[in-house]
Amino acid sequence: LEVVKTARTLEDAIRDWGCHPVVVGTCAKVRTSQPVLTTPELRSQIQNGGPHFVVFGTGYGLSEDLSTQYHCWLEPIRGGAVDGWRHLSVRSAVSIILDRLLAP
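Counting along the sequence shown from 1, when you hit position 34 you're at 34 in our numbering, and nothing is skipped either side.
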C-alpha cells in the first residue's frame, strides 16, 4: 500500500500523475456517452503504450458530472446470472479487471 495515493477530486488525481492519460470509466451500468471498449481492446491499448487512468464505479455507476472527463468506457463485467445481475463489490471488480488487463 506504500504506492497508494489519495486525492480530493479526479482532476487532482490526474494532475498528480504529471501527464495526460487516457481516462477510462468503468462501472456495472452500460454506458454509451463515450466509446465503449472491450477488455481485450483496452488491454491492447495499454500494451501499445501511453498512460491509462481507470476510474472504477459502483453498482450505482459513476457520477454523471464526471462523465465528460472520460475518454471512453470499459464494458461491464458480465457474470453468469440469468437475470443479468452484474453487481460485484468494487474490490472484486478491480481485481478481475486488473488481472484481465495486466496479467501476462
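C-beta atoms are modelled at their ideal positions from N, C-alpha and C, and glycine is treated no differently. None of these values were measured; they are calculated from a predicted model.
Can you look up residue 24 in the DSSP assignment and give me helix, strand or coil? Residue 24: strand per DSSP, three-state reduction.
Integer Cβ distance of residue 22 from residue 50, believed to fall under 8 Å: At roughly 6 Å, the Cβ-Cβ gap stays under 8 Å, so residue 22 and residue 50 are in contact.
Would you identify the three-state DSSP class for residue 58, choosing helix, strand or coil? Correct three-state label for residue 58: strand.
Is there contact between the stretch 1-18 and the stretch 40-49, where contact requires at least three CB pairs shorter than 8 Å? In this structure the stretch 1-18 does not touch the stretch 40-49; the number of beta carbon pairs closer than 8 Å is below three.
Would you tell me roughly how many angstroms separate the C-alpha atoms of residue 36 and residue 88, rounded to the nearest one? Just so you know, the alpha carbons of residue 36 and residue 88 end up roughly 20 Å apart.
Could you say which of 16, 46, 52, 91 lies nearest to residue 27 if we only look at CA atoms? Of 16, 46, 52, 91, the residue nearest in Cα terms is 91.
Limits of the alpha helix (DSSP H) - the one that residue 10 falls within: Boundaries of the alpha helix (DSSP H) harbouring residue 10: 10-17, taken from the DSSP string.
Classification of residue 74 by the beta-carbon crowding that lies within 10 angstroms, buried from 16 upward: Under this definition residue 74 is a buried residue.
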